[in-house]
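Engineer:
Residue numbers (UniProt numbering), protein chains in the order written: chain R, 1 to 98; chain S, 1 to 278; chain G, 1 to 517; chain Y, 1 to 636.
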């Protein structure tokens, strides 16, 4: 069963990554990042169960904490950018280039 | 046996939801899709005897973080759908190639590892009397520093968000006298008509009438009005439907004419700032 | 009496003094610079007098440890070859200062001394010149290889600024090209210096201790290559020469003289001192290559010189041909050839220096460096034309003038060991006659071009510049013995430590004559 | 077969001060050049004084040398060490060098005096006398030096002086080109001599004549000796305008006439002959080299004569004849010890009568306000009596009129040549005939026949300061030949310096041998033919279009055209090619490298698109690579 879980987690991670690459709306990109984080949590929990060692679950717990902090800051930035630029598209902020 | 069934059901649901998250046009739909994924994962945690995590996932993650997303979506304009046409040349193609490649690689990696049957955390949790005490004992003995650091992290995150979102008051707070002066120098001295003042109806979606009898575009919520028109929930009385359509058209005309800021309902405070700013 | 340190300190202090003069004091800056350089000249002469040619090899040595961790010490010392080159630079600098009296001034009416405010600050120019002199003396006096390398690179900076901010129209291109070329060479040498330090495992950079230490032939070859390429770029051997014409053409006349007269000599001096003595077997291995390069340089430099239209570029190409002779002499590894090469370094400094300075006077009068813009100067300024002729003739190694003695010794020394390169090298003598006399004819003879009518002859200052150079050229031409007596023992020791067995491969009659001596 | 005697170190007496001969004119040149305008007034007198001073020292040394018995007549004086360990400059006084010195200073002084008159109107006459003194000093250094290096210094010094004097009137572009051409072609000759000196040094380890005596043949292989001989010959040809390198002599006539007289008739052009005679030891040890010398001599002899026949410019005609007479001397020098005495004898007599004729031509030009074309002369005899008489004496001497000086020395050369190699002998006789023709042509066109003067020309006799040297020179060209040749007086005098031949035939007053009579006949025929064409008949003022042979001669046997196409044009092409290669090739490479680096960095810059998503893509690719690597390493 463990391989199934891991493959699922890999699949979710890949979809999240593709989502980050394809979507232009900052918030959707942010959600895809959250999806990738969750995929990792799933893998951690699976390994915890596999090795019979609670560390996996502990790590997953910490990941959630960090994810929360990250979301707060990320969304604050998105709001701030939106307020100044009136657009939440990721591609609009491309002044720092050649 | 039950576990495999739940796994396969939830796996399919979560993958579909993930795909939906990535490919849906509207941001709100993506948010909901993410919620679905999170919930299915929570169940999977539970199945993998991590009840505490399942609970935290549902309460904290889905409950709080997802809702945060929805809030920001609302702020940013829930209807801001973006077209799926790709602007960067070759981005889509290479993104998919990379995604597939990565997934294949991981699958390959996982594939060629032969797993012994899972040991399961049962034995450890019994010794400590349940999953939560075991986790608690670990957190507060071996990982107490990490725990304290995460608490500091959360506080700073909260503080950070406030600092980021805070807008320094550039001018003194508008006093009562200023507000009065602004109102009478502004285009709209009298308070805006309440939804029902000359309202023929007390429904939220019905536009109020201006003293000169014309429909007030600002008195309705454009998003709701648009939904009604699109999904044909307009009131049966054609005359009322016409009023909604008229208000909506007038709002969009004004929006085109004045540029974006006409979208939001004008607060007096902003009017003051705008005037002084000129 | 730490002669060498004083010799380096005085110009540096002078430079600081010149730089700190109040703003806008151009004339006093020049006078102070001239005074300082004359003091240095006096000190050099005093030092040279005390130098005993047949005494032990390095004299006036000073060794203070500088970076004990690497065994780098502030080692100075002078042997015959280095002394002669230091004397050359000490003589050239005051002459150059005197000659570039108006170089930094705006388009002053020619000849008159009260020129209007200069376009660019004369103070920095003369300060740079003095700093350059200090480094020139340093590079020849250093017996510690690391110190030599430091001076080798440091010399580029003042010259870069002198070309870069005081040069002609394309000065920045020329200055950058000069700097990149030399740095490229210098970095290779840095690698070789470090490798040498590591391979020798003697925890010292002192040159006398490192002679013949590196035994294994392959490392010797690599280290030799590192050193040699740096020196080949510096003293332009054939493929690495394209920076010299640009730098010399764009630099002001005084800077060009120092660039060609002394800076490039560091390259050939380096070959003679470091390449030959530190890596004897590698030198012998690479000798055929170097001989081919130098002979190509001689012929190629001369031919391209004939085709030039710009006066200073032509003189630059002639000095590429002369450097071919010097390198040929160094690597022919016979007593006559190497003594001739060293003497050639000195003579070349005087003859090409005189050519450049007089070209500078002409450009100062006419404003353009194109040969076609002149014609019939001889009628209008006979003294100027006469000096130009003597300098040109010493350029084409006319007997009775200095370059002939050295060129003769180089060629006869090379002929003793390699006949064909000497013969091809001797062809350069004919090409030299063509390019010098053709230039002289187009500029000085024929009907006086109207643009040249307003020329004034050499004024007092310019006479003081040209007279010592011409005197040196004629004196060294007729009586080179005193200089050769200083050079010969030093060359002898160089050849010993370069393990050259048959220094004088002449036939039996030589022994008979030698015995009779 | 007696070889030259040992050189003895000498101190004291006139010979002890013989180095003054070089020093005095050198000092004079230095004073006049450095003095500048201040020395203008008395400059020329100083020049003449210095030249006469040198002549006095030469005569004193000559007298002291005669006083010594023949065995020790080679005196060496040590001066100073030029290049330590290689060569020390010194003076060698022996019969050969003293006879040259006498010729140079004697004729030189006469020409100095003559130039006072000739150059009287030229405002930088001072510079002219400075260069003349410089020339005399360099020529004396050449002939008096006791080693090859000193000889070489004198050799190039003479080349420099000729460059300065040919190009004396610098404002004339033709003079400047002629001067440059002379110097460059001399330099080609010097290149040969330089390589010869290197070979001598490498094989014998010394450059002093003292060590290169007759035993030279034993110390080196035949091959090297021939090589040395040929290289010295190349040097000699360069300086004496012999065949391969003769193009510069005719252009050298651009210089003032005294220059042509002194340098291109009497002294400099004979330096080549001196070199061949002085290095006799090498040539005797290498017969092939000697043969080549004789061949070159005869070839030049004929070429010079042919050119002489076609030239209308009097100075160019005389230059052609000089070339041919030096051909005779080279022929004589190539015959070994037997010919040396006659070669040097002819050299000295030629010095007198050729200088005499050149100065005569100079005074004619002076009178006809610098007209050089003989077709503009005619019937000058009555008007310029002294010049005409001296010129005719010179003419008779050069064609070998019996009893005059040219007859004895040229006859001697032809006799020895006939004895040595008949083919060369008869060619020499043919040359003598041609000489008879063109010299007579020159005399008849100039002094006899009808008047063809330009309308503004009113010739008059030159002032005394010019005619006195003419008279002295003509006296010399009458008696000198007989004095030297009869009784082998000059041969015995030269013996200690150059050795003596196995047997010395006793020359007789009037040669009756077959060769002598044939020469006389041919000369007479030539003169008669010339009288018929130019004396009696009407000489057209403009040169008629000649047959193929005349244009061939007029174009100096296409010597210049040959040089042009063989060396000049390819040279210019090569120069343009290498300048192009240098600018485009090497510089192109360097600048290309720089541009290349600039280009790549420009393209690399474009990777920074500014879009967050493309950066995310590259990060993702990076992650994929890392996973792949881990996988690869994991199960490797």
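Don't be surprised by glycine CBs; every beta carbon is placed ideally from N, CA and C.
1) Output the residue ranges of the alpha helix (DSSP H) runs that lie fully inside the segment 189–236 of chain Y and measure 4 residues or longer, sorted by chain position.
2) For the putative contact between residue 422 of chain G and residue 276 of chain G, defined by C-beta atoms under 8 Å, what is the C-beta separation to the nearest angstrom?
3) Assess, as a yes-or-no matter, whether the segment 447–456 of chain G is touched by the segment 373–385 of chain G under the definition of 3 or more beta carbon pairs within less than 8 Å.
4) Is DSSP giving residue 90 of chain Y helix, strand or coil here?
5) Grab the span of the beta strand (DSSP E) containing residue 59 of chain G for me, first residue to last.
6) Identify whether residue 252 of chain S lies in helix, strand or coil by the three-state DSSP scheme.
7) Whole angstroms are fine: how far does the CA of residue 20 of chain G sit from the CA of residue 117 of chain G?
8) Which residues in the same chain have their Cβ closer than 7 Å to the Cβ of residue 161 of chain Y, if we skip the five residues on either side of it in sequence?
9) Pick out whichever of Y/393, Y/476 and Y/208 has its Cα sitting closest to the Cα of residue 86 of chain Y.
10) Under 7 Å between beta-carbons, which chain Y residues line up against residue 84 of chain S? List them in chain order, please.
11) According to DSSP, is residue 185 of chain S part of a helix, a strand, or is it coil?
12) Just list the alpha helix (DSSP H) runs in the segment 53–87 of chain S, keeping only unbroken ones of 4 residues or longer that don't cross its boundaries, in chain order.
13) Indicate whether at least one CB of chain Y lies closer than 8 Å to the CB of residue 438 of chain G.
14) Mind pulling the alpha helix (DSSP H) runs of 4 or more residues that sit fully within the segment 269–352 of chain G?
15) With DSSP as the reference, label residue 462 of chain Y as helix, strand or coil.
16) Would DSSP call residue 376 of chain G helix, strand or coil?
17) Compute the Euclidean distance between the alpha carbons of residue 275 of chain Y and residue 232 of chain Y, then round it to the nearest angstrom.
18) Can you check whether the C-beta of residue 485 of chain G is within less than 8 Å of a C-beta belonging to chain Y?
19) Could you tell me whether any Cβ in chain Y is nearer than 8 Å to the Cβ of residue 37 of chain R?
20) What are the boundary residues of the alpha helix (DSSP H) that residue 88 of chain G is part of?
21) According to DSSP, simplified to helix, strand and coil, what is residue 76 of chain G?
22) Along chain S, in chain order, which residues have C-beta atoms closer than 9 Å to that of residue 84 of chain R?
23) Just the C-alpha distance for residue 143 of chain S and residue 152 of chain S, rounded to the nearest angstrom, thanks.
24) With H, G and I counted as helix, E and B as strand and the rest as coil, what does DSSP make of residue 93 of chain R?
25) Using beta carbons (cut-off 8 Å, strictly below), is residue 115 of chain G in contact with chain Y?
26) Below 6 Å CB to CB, which residues in the same chain sit around residue 360 of chain G once its five sequence neighbours on both sides are set aside?
27) Just mark residue 34 of chain R as buried or exposed, buried being the case when its beta carbon has 16 or more other beta carbons within 10 Å.
28) Going residue by residue through the segment 298–369 of chain Y, where are the continuous alpha helix (DSSP H) segments of at least 4 residues, counting only ones entirely within it?
29) What does a CB cutoff of less than 7 Å around residue 241 of chain S pick up in its chain, not counting 5 residues either side in sequence?
30) Rounded to whole angstroms, what is the Cα-Cα separation between residue 205 of chain Y and residue 279 of chain Y?
31) So with CB distances below 9 Å, who are the chain Y contacts of residue 398 of chain G?
32) Kindly provide the ranges of any alpha helix (DSSP H) runs that are 4 or more residues long and lie completely inside the segment 151–239 of chain G, ordered along the chain.
33) For the segment 101–121 of chain S, which residues have a CB atom closer than 8 Å to at least one CB atom of chain Y, in sequence order?
34) At which residues does the beta strand (DSSP E) containing residue 81 of chain Y begin and terminate?
35) Can you tell me whether DSSP reads residue 510 of chain G as helix, strand or coil?
36) Which residue's Cα is closest to the Cα of residue 258 of chain Y: Y/125, Y/58 and Y/52?
Structural biologist: To lay it out plainly:
1) 216–219
2) Not quite, the Cβ-Cβ distance comes to about 19 Å (not below 8 Å), so this is no contact.
3) yes
4) strand
5) 59–67 is the extent of the beta strand (DSSP E) around residue 59 of chain G.
6) helix
7) Interpretation of residue 117 of chain G is limited by its pLDDT of 42, a score under 50 that renders its predicted location unreliable; the figure taken from the coordinates is listed afterwards. Distance between the alpha carbons of residue 117 of chain G and residue 20 of chain G: 18 Å.
8) 131, 134, 135 and 138
9) Y/208
10) The premise fails here: residue 84 of chain S is roughly 14 Å from chain Y at the closest Cβ pair, so nothing lies under 7 Å.
11) Residue 185 of chain S: helix per DSSP, three-state reduction.
12) 67–76
13) Closer than 8 Å to the CB of residue 438 of chain G there is at least one CB belonging to chain Y.
14) 280–306 and 311–332
15) coil
16) DSSP, read as helix, strand or coil, puts residue 376 of chain G in coil.
17) 7 Å
18) yes
19) no
20) 80–99
21) Here residue 76 of chain G sits in strand by DSSP.
22) Within 9 Å Cβ-Cβ: nothing; residue 84 of chain R doesn't reach chain S, min ~10 Å.
23) 14 Å
24) coil
25) Its pLDDT being 40, under 50, residue 115 of chain G is placed unreliably in this model, and the value from its coordinates should be taken loosely. So no, residue 115 of chain G is outside the interface.
26) 253
27) buried
28) 314–333 and 337–367
29) 234 and 235
30) 16 Å
31) Within 9 Å Cβ-Cβ: 156, 157, 159 and 160.
32) Unbroken alpha helix (DSSP H) stretches of 4 residues or longer found wholly inside the segment 151–239 of chain G: 156–166, 171–200, 207–210 and 217–234, given in chain order.
33) Considering only beta carbons, the part of the segment 101–121 of chain S lying closer than 8 Å to chain Y consists of 101, 102, 105, 106, 108, 109 and 112, in chain order.
34) Per DSSP, the unbroken beta strand (DSSP E) holding residue 81 of chain Y starts and ends at 75–83.
35) Here the model assigns residue 510 of chain G a pLDDT of 43, short of 50, so the residue's position is not dependable and the matter cannot be decided.
36) Cα-wise, what sits closest to residue 258 of chain Y is Y/125.
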